[in-house]
Amino acid sequence: MFSKFKSATTSAPPQNPYDNNPITQYFEIGKQVACAGPELIWKIHEGYRKTDGKCERHIDQRG
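Residue numbers are given in numbering that gives the first Met the number 0: position 6 of the sequence shown equals residue 5, and the series is strictly consecutive.
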């Protein structure tokens with residue numbers, strides 16, 4: 000019983016938090032450059048708009 004459960008859980012690839020984020024449709028997200036907010040919960044990343052290449056900063060992730 001447990002071996003079946005183990006094979007089901009290990010076969011799924013690790014999920015990137017940005018895969019399901021709709022902002023990735025319009026922006027390219029780069030490396031993390033800072034943290035902010037209470038207990039530094041917000042991660043700030045480099046990024047740019049895909050349509051015109053203008054530089055942006057985003058707070059994309061919590062915790």
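No residue lacks a Cβ here, since even glycine has one placed at the ideal position from N, Cα and C.
Please read all numbers here as calculations on a predicted model, not as lab measurements.
Let me make sure I understand the geometry here. Which of the options has the alpha-carbon closest to that of residue i?
i	options	result
Cys34	Cys54, Lys42 and Asn20	Lys42
His44	Phe26, Asp18, Asn19 and Pro21	Phe26
Hey, how far is the Cα of residue i from the Cα of residue j?
i	j	result
Arg48	Lys30	15 Å
Asn20	Thr50	18 Å
Glu38	Val32	16 Å
Just to confirm the assignment, what range does the beta strand (DSSP E) spanning residue i have?
i	result
Tyr47	Trp41 to Arg48
Gln31	Phe26 to Ala35
Return the Cβ separation of residue i and residue j in integer angstroms, given the expectation that the two are a contact with Cβ distance under 8 Å.
i	j	result
Gly46	Ile28	5 Å
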